[in-house]
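Working notes, structure below.
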Amino acid sequence: MRFLLLFITGFLLFSCQNTTEFKKPTWLFGKWKRINNQPDKFTYEFWNDDFSGIGFTLKEKDTVFKEVLHIITKNDSLFLQVTGVNENPTLFAFIQQTDTSFTAENKQNEFPKTIHYWKENNQLKAKVANDEFSIDFVFEKTK
Numbered sequence: 000m001r002f003l004l005l006f007i008t009g010f011l012l013f014s015c016q017n018t019t020e021f022k023k024p025t026w027l028f029g030k031w032k033r034i035n036n037q038p039d040k041f042t043y044e045f046w047n048d049d050f051s052g053i054g055f056t057l058k059e060k061d062t063v064f065k066e067v068l069h070i071i072t073k074n075d076s077l078f079l080q081v082t083g084v085n086e087n088p089t090l091f092a093f094i095q096q097t098d099t100s101f102t103a104e105n106k107q108n109e110f111p112k113t114i115h116y117w118k119e120n121n122q123l124k125a126k127v128a129n130d131e132f133s134i135d136f137v138f139e140k141t142k
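Okay, so the sequence shown: first residue is 0 according to numbering that gives the first Met the number 0, each after it adds one.
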């Protein structure tokens, strides 16, 4: 009887451990155009179903900003990998996630330190921030 009680207690303790399992955000997929841009610029994010993406800003016909994005799994954790901004790829670890949002963080990066994406109604929204300031992005899906 004691063995059974000990077994049940141990089973309950181990089965109740709080583990966070992140799922890759399929709601990002598609072509998105920023609607809260400066009047002379056009910003886009295109996300593919392999969780690769590209973000870029055009001023007239010139590309004034470009980054390559990937959501990757490393050591059983999700990361947003940003390439093309810094000399080496920058990894942002997923620290929070719901069915329609995620927050990724890299405290060592100068800007941004946090990147938050979420889907609200039919819009994709994002906020990039450090301790001093933040930038908000609002995107609508394009065809």
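Even for Gly, the Cβ is constructed at its ideal location relative to N, Cα and C.
query, result
"Terminal residues of the beta strand (DSSP E) in which residue 150 lies", "Nothing about residue 150 can be read from this structure; the chain reaches only from 0 to 142."
"Whole-Å CB distance - residue 136 paired with residue 124, under 8 Å assumed", "7 Å"
"Residue range of the unbroken beta strand (DSSP E) whose run includes residue 95", "89 to 97"
"According to DSSP, residues forming a beta bridge with residue 135", "126"
"Contacts around residue 36, its chain only, beta-carbon distance under 7 Å, and the 5 residues preceding and following it disregarded", "42"
"Touch test, the region 37 to 57 against the region 89 to 103, Cβ-Cβ under 8 Å, three pairs minimum", "no"
"Own chain partners of residue 126 with C-beta closer than 6 Å, once the 5 adjacent residues on each side are dropped", "115, 133, 135"
"7 Å Cβ shell around residue 50 - same chain, five flanking residues per side excluded", "23, 69, 70"
"Collapsed DSSP secondary structure at residue 141 in the structure displayed", "coil"
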